[in-house]
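*Asks:* Sequences listed follow chains A and B, in order.
Residue 50 in numbering that gives the first Met the number 0 is what sits at position 51 of the first sequence, and the numbering runs on without skipping anything.
Residue 209 in numbering that gives the first Met the number 0 is what sits at position 210 of the second sequence, and the numbering runs on without skipping anything.
Where is the CB? At the ideal position from N, CA and C, for every residue including glycine.
The structure displayed is predicted, hence computed values, not measured ones.
Number of protein chains: 2
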Amino acid sequence: MKAAILVIGDEILSGNVQDTNSNFAARLLFENNIGVAHILTVADTEKAINEGVAYLFEKADLIITSGGLGPTKDDVTKTALCSYFHSELVFNQSIYDDLVARYTRNNRPLNLLNRDQAMVPAVAEVITNDVGTAPIFWIEKQEKVLVTFPGVPSEMRYMFEKVLLPRFIEKFSGGHISRTILQVIGIPESDLALKLTEVENNIESANIDSEHYKLAYLPSMGTIRLQIIGSGTNKPNIEANIDRFKEQIIAAAGQYIFAEGDDDISTYIGKILRAKNATLSTAESCTGGYLAHLITSVSGSSDYYQGSIISYANEVKIKELGVSESTLKAFGAVSEQTCREMVSGCLKKFNTTYAVVTTGIAGPKSDNSEKPAGLVWIGVGNKENMVVRSFQFRRNRIENIHLFAVSAMGMLRRFVVGES
Amino acid sequence: MKAAILVIGDEILSGNVQDTNSNFAARLLFENNIGVAHILTVADTEKAINEGVAYLFEKADLIITSGGLGPTKDDVTKTALCSYFHSELVFNQSIYDDLVARYTRNNRPLNLLNRDQAMVPAVAEVITNDVGTAPIFWIEKQEKVLVTFPGVPSEMRYMFEKVLLPRFIEKFSGGHISRTILQVIGIPESDLALKLTEVENNIESANIDSEHYKLAYLPSMGTIRLQIIGSGTNKPNIEANIDRFKEQIIAAAGQYIFAEGDDDISTYIGKILRAKNATLSTAESCTGGYLAHLITSVSGSSDYYQGSIISYANEVKIKELGVSESTLKAFGAVSEQTCREMVSGCLKKFNTTYAVVTTGIAGPKSDNSEKPAGLVWIGVGNKENMVVRSFQFRRNRIENIHLFAVSAMGMLRRFVVGES
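(1) Helix, strand or coil for Ile401 (chain B), going by three-state DSSP, please let me know.
(2) Thinking C-alpha only, which one of A:Gln116, A:Leu80 and A:Lys234 is nearest Ile94 (chain A)?
(3) What separation, rounded to the nearest whole angstrom, lies between the Cα atoms of Val183 (chain A) and Leu225 (chain A)?
(4) For Gln305 (chain A), is the classification buried or exposed, using 16 other Cβ atoms within 10 angstroms of its Cβ as the cut-off for buried?
(5) Report the neighbours of Gln226 (chain B) on chain A: residues whose CB is nearer than 9 Å to its CB, in chain order.
(6) Nearest-angstrom Cα distance between Pro152 (chain A) and Ser230 (chain B)?
(7) Can you name the residues of chain A whose CB is closer than 9 Å to the CB of Gly67 (chain B)?
(8) Kindly indicate the opening and closing residues of the beta strand (DSSP E) around Arg487 (chain A).
(9) In chain order, what residues of the same chain have a beta carbon less than 7 Å from the beta carbon of Ile11 (chain A), not counting five sequence neighbours either side?
(10) Leaving out five residues on either side along the sequence, give the residues of the same chain with a beta carbon under 6 Å from the beta carbon of Val119 (chain B).
(11) Contact check, Asn22 (chain B) vs Ser172 (chain B) under 8 Å by CB: the rounded distance?
(12) Would you please verify whether the beta carbon of Ile305 (chain A) is less than 9 Å from any beta carbon of chain B?
(13) Quick one, which of A:Cys81, A:Arg101, A:Val130 and A:Asp262 has its alpha-carbon nearest Leu145 (chain A)'s?
(14) I want to see whether chain A comes within less than 9 Å of Gly299 (chain B), judged by CB atoms only; does it?
(15) Rounded to whole angstroms, what is the Cα-Cα separation between Lys170 (chain A) and Ala25 (chain B)?
(16) Checking 9 Å against the spacing of the C-beta atoms, do Asp366 (chain B) and Val333 (chain B) come in under that value?
(17) Which residues in chain A sit within 8 Å of Ala205 (chain B), going by Cβ to Cβ distance?
(18) Is it buried or exposed, Val16 (chain A), if we count other Cβ atoms within 10 angstroms and call 16 or more buried?
(19) Is DSSP giving Ile249 (chain A) helix, strand or coil here?
(20) On the three-pair Cβ rule with 8 Å, is the segment 280-296 of chain B touching the segment 347-354 of chain B?
(21) Would Ile227 (chain B) pass as a contact of Ile241 (chain B) if the rule is Cβ separation under 9 Å?
(22) Write down the C-beta distance between Ala252 (chain A) and Lys213 (chain A) rounded to the nearest angstrom, noting that I regard them as a contact closer than 8 Å.
(23) Tell me the DSSP secondary structure of Tyr311 (chain A) in three-state form.
(24) If we define contact as Cβ-Cβ less than 9 Å, is Ile308 (chain B) a contact residue for chain A?
(25) Please confirm if Ile237 (chain B) has its CB atom under 9 Å from at least one CB of chain A.
(26) What in chain B is Cβ-close to Lys364 (chain A), meaning under 7 Å?
(27) If you scan the segment 251-335 of chain B from start to end, which runs of the beta strand (DSSP E) of 3 or more residues do you find wholly inside it?
(28) Under a Cβ-count criterion, where at least 16 other Cβ atoms within 10 Å of its own Cβ denotes burial, should Asn399 (chain A) be classed as buried or exposed?
(29) May I ask you to list, following chain order, the residues of the segment 179-193 of chain B that have a beta carbon less than 8 Å from some beta carbon of chain A?
(30) Measuring CA to CA, which of B:Pro371, B:Asn384 and B:Glu383 is closest to Phe390 (chain B)?
(31) I'd like to know if the segment 253-272 of chain B and the segment 285-297 of chain B are in contact, where contact means that at least 3 CB-CB pairs between them fall below 8 Å.
(32) Cα separation between Gly260 (chain A) and Lys245 (chain A)?
(33) Going straight from the alpha carbon of Val162 (chain B) to that of Thr64 (chain B), what length do you get?
(34) Taking 6 Å as the limit between beta carbons, can you name the residues of its chain near Tyr157 (chain A), skipping five residues before and five after?
(35) Listed from N- to C-terminal order along the chain, which residues in the segment 379-404 of chain B have their beta-carbon within a distance smaller than 8 Å of any beta-carbon of chain A?
(36) Restricting to runs no shorter than 4 residues, where is the alpha helix (DSSP H) found entirely within the segment 333-383 of chain A?
Next comes the structure, spelled out in structure tokens:
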């Protein structure tokens with residue numbers, strides 16, 4: 000059984016927009032033992048969509064489409080599907096009622112285009128879009144299935160993962176697949192690979208005809224997700240083997256592992272702070288709010304997170320954090336000394352259990368000193384102790400900011416876990 | 000004349016790696032009037048590559064391939080091409096000499112696989128890869144051309160843009176293409192479409208055999224990029240028409256347009272603040288640093304941005320921003336009154352020309368009041384005036400935070416532009 004993805008959109012063919020929906024769908028399908036063999040992007044025209052569907056139905060049993068369902072004139076997917084499946088557009092009262100309810104809730108007036116959105120191919124099973132206005136169509140043709148998704152990534156992702164994926168698995172997935180994720184911070188990928196040489200050999204030698212194991216390194220800006228996948232028919236055996244490999248990885252590189260599963264570093268930090276009944280504040284210069292954003296991206300973070308001073312200007316460092324003018328003059332804003340005074344000032348201002356601070360140069364330009372862009376000083380402390388460290392990254396501005404903030408989270412983790 | 004892109008790689012079909020090469024190539028080709036009509040991703044097998052090439056040659060005159068040329072998978076793509084073009088692999092001394100020189104320079108030993116890398120399809124013109132070891136093949140078939148690129152993004156990008164693109168333009172680009180972008184904030188896509196109905200009709204009716212015009216809506220979380228494209232042979236005529244459509248759009252929806260071209264809202268805000276020699280501070284509750292992050296994502300933002308108080312806890316709102324306890328008690332943190340006091344407190348604390356503040360409920364849970372998740376109060380002010388407004392979004396936490404922050408930028412824009 001094979002799946003295929005049809006991406007519809009001139010904006011993707013012109014390079015104006017990077018398609019990420021197909022990557023999202025392919026990964027989830029793959030992890031659930033439904034292999035994608037073709038991803039095809041075509042134009043927003045009836046002819047191109049028709050030809051694309053025809054070609055992919057030759058190759059695959061399941062076609063996922065993305066895009067071309069919005070209310071504007073450049074979206075012609077519905078008409079194309081009607082022509083391909085020899086169907087016609089009919090008015091769907093329940094979709095229309097749902098639209099009306101959604102607009103009423105948001106105090107927005109309906110317009111004529113919205114009525115078009117309730118016109119659906121007669122041949123389709125219509126599935127309400129819980130997070131947007133374009134419904135999803137499930138169309139069967141003999142044993143094959145085509146399912147349409149909106150192009151807006153947030154809508155596509157939500158409806159794909161939460162609503163449709165279970166149906167795909169039930170209908171198409173054979174055999175068993177198990178997966179474990181360990182999340183790593185604070186070590187480069189090549190050093191990690193070196194530590195895991197023996198485990199990798201063990202994983203490879205566990206491969207037999209009816210069972211397959213694989214360790215994947217999935218780095219993403221400062222953290223690495225280690226994924227062990229096993230697939231085959233003997234579920235207990237696969238799960239036992241994956242557990243064994245997991246323990247071997249923990250034995251080899253345990254001090255860098257901050258979480259099992261999909262928790263990101265922010266969620267993990269939230270859990271350890273909550274467990275200790277501790278509070279946290281931040282003071283940010285170069286990260287400009289991004290560190291606070293990572294922390295507050297977790298629902299319920301107000302239980303432990305108090306707030307931040309974003310001290311972009313030096314006067315703010317002096318006035319709000321009590322950094323002394325002489326320190327700034329002697330060592331500059333990006334220095335161990337300033338960083339230490341920021342930690343003390345932050346703890347004092349917010350009276351929290353812990354404080355984390357950043358001061359650095361995100362780039363691309365330097366700060367008119369001899370210090371290079373990509374340099375950051377990060378400090379973490381409580382009332383008794385303080386750890387201050389510098390890092391040097393060499394990415395662009397946005398990536399440096401991200402790496403600074405993730406490194407700060409990594410230092411906070413070690414500090415909080417290390418003291419207990 | 001149409002182009003197509005063939006992406007080769009199991010790692011893309013499994014969702015492990017996001018393909019970005021096709022986006023890069025498509026954009027550069029499009030900008031040079033070589034339209035890409037198909038992007039197809041297939042597996043690392045001879046059969047899949049062969050079928051992919053055959054399908055795309057039916058549709059296009061130029062095929063760009065990406066991937067499948069590394070030292071391990073070498074044989075598959077090259078063998079597939081030999082079989083498709085009825086050719087065979089031959090040893091290429093100059094490629095081999097180049098490899099030897101490259102390895103010697105880097106003090107790396109050659110291995111057997113390297114000799115395989117010097118085996119090339121007899122039918123191909125071989126182009127040395129200036130930044131890697133896999134050469135590029137230019138293969139012609141009647142009037143059509145297939146060109147292979149390595150999958151490593153840095154190699155692909157360099158060789159595509161610097162070496163091959165000029166050849167593509169010389170051989171394939173005819174006519175002219177013009178594009179204008181208008182960026183919109185503060186209006187839903189369907190309402191915007193309604194305002195532009197007449198302009199859209201004008202654009203459609205300008206299409207003649209030798210000229211084509213199109214208006215595309217490219218929404219991205221709170222802003223919409225409106226793109227007018229025209230192509231054909233009569234450059235002055237195309238540019239005049241695009242200018243005319245642009246003026247019509249501005250007449251119909253001018254108050255929502257914040258920029259022409261690719262500037263994002265943060266860059267745009269930076270430009271208007273700099274032009275006025277003005278300064279900015281923020282106070283954030285629900286956006287938790289994300290608003291400051293948007294502002295400081297722009298290089299040089301320290302010229303106008305002073306800093307922020309992230310007042311996640313109510314005590315911080317009281318202590319740092321001077322919000323009164325009685326206001327918080329009577330109206331709650333998420334209220335017009337608190338929002339107003341935050342604006343005043345922020346202006347006072349940072350002594351800036353403008354202040355923007357947010358207080359809301361990012362969700363998914365409410366704040367233990369009867370107020371719904373997704374509700375936000377945004378305030379913007381200077382020493383004389385203040386505007387405060389509420390918005391209600393219904394997305395997930397991260398998207399709500401993004402929409403809150405972008406809406407705050409939109410309100411800041413109107414406030415700053417409106418007063419001048």
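*Replies:* Judging by the given coordinates:
(1) It should be noted that the sequence gives His, not Ile, for residue 401 (chain B). Three-state DSSP puts His401 (chain B) in a helix.
(2) Taking only the C-alpha atoms, the option nearest Ile94 (chain A) is A:Gln116.
(3) Straight-line measurement puts the Cα of Leu225 (chain A) at about 7 Å from the Cα of Val183 (chain A).
(4) Only buried fits Gln305 (chain A), as 16 or more other CB atoms lie within 10 angstroms of its CB.
(5) Residues of chain A whose Cβ lies closer than 9 Å to the Cβ of Gln226 (chain B) are, in chain order, Glu10, Ser13 and Asn15.
(6) The alpha-carbon atoms of Pro152 (chain A) and Ser230 (chain B) are separated by roughly 29 Å.
(7) By Cβ distance, chain A contributes nothing, its closest Cβ being about 15 Å from Gly67 (chain B), past 9 Å.
(8) Lying before the first or after the last residue shown, residue 487 (chain A) is absent from chain A, which here runs from 0 to 419.
(9) For Ile11 (chain A), where only same-chain residues beyond five positions count, the Cβ hits under 7 Å are Asp18 and Thr40.
(10) Closer than 6 Å at Cβ, skipping near neighbours: Asn91 and Val125.
(11) Contact between Asn22 (chain B) and Ser172 (chain B) does not hold, since their C-beta atoms are separated by about 19 Å, which reaches or exceeds 8 Å.
(12) Before going on, a small fix: residue 305 (chain A) reads as Gln here, not Ile. Using beta-carbon distances, Gln305 (chain A) counts as an interface residue toward chain B, with a partner under 9 Å.
(13) For Leu145 (chain A), the nearest C-alpha among the options comes from A:Cys81.
(14) Interface residue, yes.
(15) Their Cα atoms are separated by approximately 36 Å.
(16) Closer than 9 Å, so yes.
(17) Near Ala205 (chain B) there are no residues of chain A at all, since even the closest Cβ is about 15 Å away, more than 8 Å.
(18) Buried, since its Cβ has 16 or more Cβ neighbours within 10 Å.
(19) Assignment of Ile249 (chain A) by DSSP, reduced to helix, strand and coil, places it in the helix class.
(20) Yes, the segment 280-296 of chain B is in contact with the segment 347-354 of chain B.
(21) With respect to the 9 Å criterion, Ile227 (chain B) and Ile241 (chain B) are classified as neighbours on the basis of their beta carbons.
(22) For Ala252 (chain A) against Lys213 (chain A), the beta-carbon gap comes to about 18 Å, at or over 8 Å, which does not count as contact.
(23) Here Tyr311 (chain A) sits in coil by DSSP.
(24) Answer yes: the Cβ-Cβ gap between Ile308 (chain B) and chain A drops below 9 Å somewhere.
(25) So no, Ile237 (chain B) is outside the interface.
(26) Going along chain B in sequence order, the residues near Lys364 (chain A) (Cβ under 7 Å) are Ser298.
(27) If only uninterrupted beta strand (DSSP E) runs of at least 3 residues are considered, those enclosed by the segment 251-335 of chain B are 256-259, 279-283 and 304-310.
(28) Its Cβ being crowded by 16 or more others within 10 Å, Asn399 (chain A) is buried.
(29) Cβ contacts with chain A come from Pro187, Glu188, Ser189, Asp190, Ala192 and Leu193.
(30) When the alpha-carbon of Phe390 (chain B) is set against those of B:Pro371, B:Asn384 and B:Glu383, the nearest one is in B:Pro371.
(31) The segment 253-272 of chain B vs the segment 285-297 of chain B: in contact.
(32) Taking the straight line joining both Cα atoms gives about 12 Å.
(33) In a straight line, the C-alpha of Val162 (chain B) is about 15 Å away from that of Thr64 (chain B).
(34) The answer, listed in chain order, is Val130.
(35) The residues in question are Gln391, Arg393, Arg394, Asn395, Arg396, Ile397, Glu398 and Ile400.
(36) Fully enclosed alpha helix (DSSP H) runs of 4 or longer: 335-349.
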